[in-house]
Structure formats: structure tokens, C-alpha cells
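Same order as they appear, the protein sequences are chains A and B. 208 is the number of the first residue of the first sequence in the numbering used here; add one for each residue after it. 208 is the number of the first residue of the second sequence in the numbering used here; add one for each residue after it. From the three backbone atoms N, C-alpha and C, an ideal C-beta is built for every residue, glycine too. In this text the structure is predicted, and so the values were computed from the model without any measurement. Some notes on the structure that comes next.
There are 2 protein chains.
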Amino acid sequence: MLLLHLSDVDEAGWAEKFRAALAPYPVVRRDDAYDPKDVRYIFVWKPKADAFDGLDNLKAVLSLGAGVDALLKHPNLPDAPIVRFVDYDLTRRMSDYVVANVTMHQRLYSRFQADQAARRWGQFYPPAARQTAVGIMGMGVLGQDAAQCLLALGFEVRCWSRTQKPVQGVEAFAGAGEFDAFLGGTDILVNLLPLTPDTAGILNSDTFSKLRRGGLDGGPVLVNPARGGHQREADIVKALGDGTLGAASLDVFEVEPLPADSPLWDIANCYITPHIAAISNEEAGVSYYAAIIKAHEAGKPLINVVDRSRGY
Amino acid sequence: MLLLHLSDVDEAGWAEKFRAALAPYPVVRRDDAYDPKDVRYIFVWKPKADAFDGLDNLKAVLSLGAGVDALLKHPNLPDAPIVRFVDYDLTRRMSDYVVANVTMHQRLYSRFQADQAARRWGQFYPPAARQTAVGIMGMGVLGQDAAQCLLALGFEVRCWSRTQKPVQGVEAFAGAGEFDAFLGGTDILVNLLPLTPDTAGILNSDTFSKLRRGGLDGGPVLVNPARGGHQREADIVKALGDGTLGAASLDVFEVEPLPADSPLWDIANCYITPHIAAISNEEAGVSYYAAIIKAHEAGKPLINVVDRSRGY
Numbered sequence: 208m209l210l211l212h213l214s215d216v217d218e219a220g221w222a223e224k225f226r227a228a229l230a231p232y233p234v235v236r237r238d239d240a241y242d243p244k245d246v247r248y249i250f251v252w253k254p255k256a257d258a259f260d261g262l263d264n265l266k267a268v269l270s271l272g273a274g275v276d277a278l279l280k281h282p283n284l285p286d287a288p289i290v291r292f293v294d295y296d297l298t299r300r301m302s303d304y305v306v307a308n309v310t311m312h313q314r315l316y317s318r319f320q321a322d323q324a325a326r327r328w329g330q331f332y333p334p335a336a337r338q339t340a341v342g343i344m345g346m347g348v349l350g351q352d353a354a355q356c357l358l359a360l361g362f363e364v365r366c367w368s369r370t371q372k373p374v375q376g377v378e379a380f381a382g383a384g385e386f387d388a389f390l391g392g393t394d395i396l397v398n399l400l401p402l403t404p405d406t407a408g409i410l411n412s413d414t415f416s417k418l419r420r421g422g423l424d425g426g427p428v429l430v431n432p433a434r435g436g437h438q439r440e441a442d443i444v445k446a447l448g449d450g451t452l453g454a455a456s457l458d459v460f461e462v463e464p465l466p467a468d469s470p471l472w473d474i475a476n477c478y479i480t481p482h483i484a485a486i487s488n489e490e491a492g493v494s495y496y497a498a499i500i501k502a503h504e505a506g507k508p509l510i511n512v513v514d515r516s517r518g519y
Numbered sequence: 208m209l210l211l212h213l214s215d216v217d218e219a220g221w222a223e224k225f226r227a228a229l230a231p232y233p234v235v236r237r238d239d240a241y242d243p244k245d246v247r248y249i250f251v252w253k254p255k256a257d258a259f260d261g262l263d264n265l266k267a268v269l270s271l272g273a274g275v276d277a278l279l280k281h282p283n284l285p286d287a288p289i290v291r292f293v294d295y296d297l298t299r300r301m302s303d304y305v306v307a308n309v310t311m312h313q314r315l316y317s318r319f320q321a322d323q324a325a326r327r328w329g330q331f332y333p334p335a336a337r338q339t340a341v342g343i344m345g346m347g348v349l350g351q352d353a354a355q356c357l358l359a360l361g362f363e364v365r366c367w368s369r370t371q372k373p374v375q376g377v378e379a380f381a382g383a384g385e386f387d388a389f390l391g392g393t394d395i396l397v398n399l400l401p402l403t404p405d406t407a408g409i410l411n412s413d414t415f416s417k418l419r420r421g422g423l424d425g426g427p428v429l430v431n432p433a434r435g436g437h438q439r440e441a442d443i444v445k446a447l448g449d450g451t452l453g454a455a456s457l458d459v460f461e462v463e464p465l466p467a468d469s470p471l472w473d474i475a476n477c478y479i480t481p482h483i484a485a486i487s488n489e490e491a492g493v494s495y496y497a498a499i500i501k502a503h504e505a506g507k508p509l510i511n512v513v514d515r516s517r518g519y
């Protein structure tokens, strides 16, 4: 039996699609009548404190989100394997966000926006993509896809990850020891890391001060569509104010929705979107997890299982 | 002998580079002492009225610009072949502009900018690239390169040109008879046409009214980095005002610099840059034309010669 436990999204819609994909395998929602001991899989988004109570025969926790940082903090998380959502559609949308924001800053959008507001005709030629170095933090599925898109456009792409991840055409850096060298050649920093105790707060003043200066007119740029927990917003405000950063595109925040009194709203070179870079797609999610449940019921191993020790 | 006749750019810098590339072949500037009858090639940018006087043995006019619309209107243009500049670096920079502006509008930049100004957290998911149709007008070197970049990002790409130009993965339309069908499936219209009597003013109210509606939240979008003569600015102001267009990115204008009293400056969804989408590169230009002069002096035919009857 598959139990759906989804908050803040259309649980009924997901249930209907899962039933169509898995029938005759039973699919239930929280308010349906069922015996918790029959539940072998639970599909969760923002699970309540009692979400896992009585699920004594659970085989796997299936996560609607690609990031499991919040789920791993659940006080009653059972020992069953956790499966992450690896979603091609979400991956492509995340790359859409990355490309749009990287190219906007490469083309010096802030400069021309200020000129337009002043009715000023100030000819200045932005650098070519091949003259602009994009540094991607995190080379999982999302980082690798973004790198491929940026390479196709001619950008110089470099990456930094926990362990060495060789990707053709990308200069790869790994671990704490190579972080400064990675930053020192980066004009536009793109964060696609998972949120873990090691990466929390990594987007801070010290990091910003090590980015390459002189490559991009106005200063280096931060693009963060990963998690608000990666960033120190007080440090971003300071860096945008003193020129350590030339601009920032932020889709995530320490507190969401971003509070109305946050100073970020009013900073001209700070581009805010309300956590909409990429969303998990119902069709893709049902197709992905229905295949995983069928395979596991047929005796095959689970895929994309979270390693709790590393946190993703 | 090569004569340089360049206004508004660094003629001395070009001359130095041409001399280094062509020596011992003679290279002169306007103020140098030379016999006009010795001039076999003239390299021009914004030539004065007397630019071609006395050049009785001219073999070719070499244009610094990729677009020759202004040159073709020169009152004393000789009969010699005109060679267009085909510049890989300029092509790549033009694609940079196109990608930055297409992705900005696909990601609904105007909507989120307005939300930020109002400190409003309004979650709304932009369409994926694959759900967004970009229609490219003009499939010369620039159009084809932009199409390849957009295809690599997953966009639906369609094109319209004077004659059928088949490009893999692109839905091709040609001629006046297929213009409406091309527009009717286009969410973001990108103009990369040459400016000719046939294409002057083609970006007008009638064209805008035929673009697809309902594809892109806020309405269809115009992106014009080609020539100001392609656009009717009064029609753009009207279309942005009444919602026929959701937004526009303009790098060129009917009169440049754009006059301080133009209403375009103040329209929130109109993104103005001062004719900086792409510039011809000195190194690339010298390398390209030095090779053409050497080959022609060795008896080989000229390449990229303008067809005066079609105007490019």
C-alpha cells in the first residue's frame, strides 16, 4: 500500500494520478480508512510530526522534493530508506533559471537598467560568454545539466563539489582545500549544492570576498536557486552595498516568504523571485515513483536513496 | 593599395593592424599621401560623400559592418563589389544578447520585477523552455547561430526568411505568404533580418497583433537587436500600452542615440540597451579582410559579396 502525506500541494490530484498508474496496487490518503501496518511506502511533502506513526512495515520514504534537508530534520523519521526525486523536468527548469540569470548579469543588466532610468545613452560592450567564468557549486544532476547548457553557450565553466566530479570541458575543483582557487577564477557564482551541515551558510562575506574582481564590470555576481539556508542575508546586503558583489539573483531565503521588512527587497542590484526557479511536476513524479514501487515490489533495489551520513 | 576610410572608430588602430597583417602590401589612411588611382580596396565605416572620388581602379568595397543598409544608400557608391563582414565573434555576441533577452522574458522577468517593487511574494511558475516558442526572423549567419543556442536550451524554435532555409530542429516558414502562420505560433519574436526596402517597418502593429496569445503570461514579446529601421516605435509604444505586447527588448532605434523625449525610456516592460548587442572586433576584421585581399590579389574570387538587388 502507498500512503500519500502531502501538505500545501494538491494531494487529491496526486492520489488520482498514482491510482491510475499503480492500479490494482492500493493507494490511500491520510483521511482514508486503512491499516497503518499495510503501508509499505509513504510519499511525503512537509510531513506532520505524526506522519510515520504506526507504519511498522515501511519499506521506503518517497520524497516529493529533490532536496531532503527539511525531511532529514523530521523528529520521528523512521529508519527506512529515503528516496530522492530526480526529475528531468525540474532539472531542465532549474537550468532555465540559471541560464536566464547568468546571461542577464553577463550582459550587465543592472548597468543598462540604471542608464535607462536616467534616460542615458551610454554605449558599453558587455563581455562575450567565452570571456565570462561561471562557477557552479554542486555537481549533482542539477549542476551537471546547468554546466552543459552554459558550455553550449560558450561560457567558461568551472565547478566545485565535495568530491571530484570530472565533466568534459569543465574545470573541476573539490573539497575545502580547493574552494579558494575555485572562487578566485569565478565571475558569476551559481549555487546548486544540497543543504547539509557542511554547506549551511557557505554564501557569506568570506566567500564573496574571494571571487574574481575585474572580470565583470560592476563586480562578481551571486545566483542562488538552491536553499535559503546556504546564504547569510546580512552578508549579501553588506556585499551589495560595498561593491564586493555587483549583483545577486536570489530565489530562496533564510525565511520564506521573504519578510516584508527585509532590506533585500529594495536593493537595485538584487533580483528576487519567490522560490519559483523549478517545481516538481505531478506527471513526472507519479511516473518516477510508480516505476520505483513496481520495481521494488518485483524484488529490485531502490534507486536514488539518500545517504544520511552526507545529508543528500 | 588598401585605403581606410573609417568615421567614429579608431582608424589609426585599424591601420596599424592592417599594415602588420598585409605588409609589404601598402595600406593608407585618408590623410596620407597616395594616388587615388592606386587604391584597389577601400575599407569603410560611415563613408563621407566624397569617399569614393577618384578611385578609378577599385576592385572592392570592404564594409566594417555586417549590415550594409546604410552603405547601399551612399549617393556616390561605385559599381565595385561590396564585401560584407562575417564575424564569428560578432555572431557569438549577438547570440549572447538574444539568449539573455529571450530567457529573461521566458522567465517572466517583468512580472517578478513588479512584484519585488511592491514587496509582494507571488509564487507563479514560468513556462519551461520547451513550452516556449521563439520565432526568429532572418536565417542568415546570425539567425542560424541564435537558433542553435536556443535549441540547445530546449526552446521550440521557428524561423521566417525570404527564401526557405532548412535548419534541423527548426520549423521553417518563408516569404510573405507564410508570415502570418509563422507569427501565429510565436511567443517571443526575435528580429535578425537585414534592413531592406522589403523589411523596413516590418515590426508594426499589424505584425504584433498576429503573435500567439496565451503562450506567455503577460503577452507575446519583441526582441530587436537588428536595425531601428525595422521598427515602428509609435506602434511599439501602443502595443506595450494596450497589452498587444507583454514586453520588448530593443537595442536599436529609429533615431540613435534614442532621443531623451522618447516615450520608450519610461515604459516599465520596455528594456532598452544603446546599440551594444554586438560590435565588430578589430582582430577578427583585420584577419578576415587581410585574407580576402590576399586571396583576391592571388586571383581567387571574393566571398560574401552583397547582392545589391536583394539589399544584403
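Discussion item. I'd like the span of the alpha helix (DSSP H) that includes B/E218, first residue to last.
Written reply: E218 to L229
Item to complete: On the DSSP bridge assignment, give the partners of A/L390 in chain order.
Response: Paired residue(s): none; A/L390 is not in a bridge.
Worksheet item: Closest by CA to A/I343, which one among A/D458, A/P432, A/V268 and A/S317?
Response: A/P432
Worksheet item: Interface residues of chain A around B/C356 at Cβ under 9 Å?
Response: A359, L360 and G361
Worksheet entry | Beta-carbon proximity of A/L465 to A/V444, cut-off 8 Å | no
Worksheet entry | C-beta neighbour in chain B for A/I395, strict 8 Å | So, not an interface residue.
Practice prompt. Measure the CB-CB distance between B/V428 and B/A388 and report whether it falls below 8 Å.
Written response: no
Discussion item. Quick check on this structure: which residue in B/G361, B/L399 and B/A219 has the alpha carbon closest to the alpha carbon of B/F250?
Written reply: B/A219
Practice prompt. Label B/R291 either buried or exposed according to how many other C-beta atoms from any shown protein chain fall within 10 Å of its C-beta, with 16 as the threshold for buried.
Written response: Buried.
Worksheet item: Hey, does B/V348 have any beta-carbon neighbour from chain A nearer than 8 Å?
Response: no
Worksheet item: Is B/L465 close to chain A, meaning its C-beta is less than 8 Å from at least one C-beta of that chain?
Response: Yes, B/L465 lies at the interface with chain A (some Cβ there is under 8 Å from its Cβ).
Worksheet item: According to DSSP, is A/N398 helix, strand or coil?
Response: strand
Worksheet item: If you draw a straight line from the alpha carbon of A/N283 to that of A/A307, how long is it in whole angstroms?
Response: 40 Å
Worksheet item: DSSP three-state call for A/I500: helix, strand or coil?
Response: helix
Worksheet item: CB-CB under 7 Å to A/G450, same chain, minus the five flanking residues each way: which ones, in chain order?
Response: G426
Worksheet item: According to DSSP, is A/G272 helix, strand or coil?
Response: coil
Worksheet entry | Local conformation of A/I443 per DSSP, three classes | Three-state result, A/I443: helix.
Worksheet item: How about A/S487 and A/L271: do their beta carbons lie closer than 8 Å?
Response: A/L271 is positioned such that its CB atom lies closer than 8 Å to that of A/S487.
Worksheet item: How far does the alpha helix (DSSP H) with A/Y478 in it reach, from first residue to last?
Response: Looking at the DSSP string, A/Y478 is not in any alpha helix (DSSP H); the run it does join, the beta strand (DSSP E), is C477 to I479.
Fill in: DSSP three-state assignment for B/A161, whether helix, strand or coil
As shown, chain B starts at 208 and ends at 519. That puts residue 161 of chain B outside it, with no answer to give.
Discussion item. Quick check: A/P333 and A/Q313, are their CB atoms within less than 8 Å of each other?
Written reply: yes
Fill in: Minimum Cβ-Cβ distance from B/D296 to chain A less than 8 Å
yes
Item to complete: State the start and end residues of the unbroken beta strand (DSSP E) segment that holds B/A325.
Response: Here B/A325 belongs to no beta strand (DSSP E), and DSSP marks it neither H nor E.
Worksheet item: Applying a beta-carbon distance threshold of less than 8 Å, which residues of chain B neighbour A/Q323?
Response: W472, Y478 and I479
Fill in: CB of B/F331 within 8 Å of CB of A/I483, strictly
yes
Worksheet item: Do the segment 345-363 of chain B and the segment 397-409 of chain B make contact, defined as three or more Cβ pairs closer than 8 Å?
Response: yes
Discussion item. Strictly under 8 Å for the Cβ-Cβ distance: is A/Y332 near chain B by that measure?
Written reply: yes
Fill in: 6 Å CB neighbourhood of B/F415 in its chain, flanking five on each side removed
A446, T451 and L452
Discussion item. When you compare the segment 220-230 of chain B with the segment 490-499 of chain B, are there three or more beta-carbon pairs, one atom per stretch, that lie closer than 8 Å?
Written reply: yes
Discussion item. With a threshold of 6 Å on Cβ separation, who are the neighbours of B/F259 within its own chain once the five nearest residues in sequence on each side are excluded?
Written reply: N283 and P285
Discussion item. Give me the DSSP bridge partner(s) of A/W252.
Written reply: A/L213
Worksheet item: Hey, is A/W221's beta-carbon within less than 8 Å of any beta-carbon in chain B?
Response: no
Practice prompt. Pick out whichever of B/W252, B/M301 and B/S302 has its Cα sitting closest to the Cα of B/D276.
Written response: Taking the Cα of B/D276 as reference, the smallest distance to any Cα among B/W252, B/M301 and B/S302 is reached at B/W252.
Fill in: Backbone CA spacing between A/Y478 and B/Q323 [nearest angstrom]
Those two C-alpha atoms are separated by around 8 Å.
Worksheet item: How many angstroms separate the CA atom of A/P254 from the CA atom of A/L315?
Response: Here the alpha carbon of A/P254 sits roughly 42 Å from the alpha carbon of A/L315.
Discussion item. Could you tell me which whole alpha helix (DSSP H) segments of length 4 or greater appear in the segment 280-318 of chain B?
Written reply: 295-313
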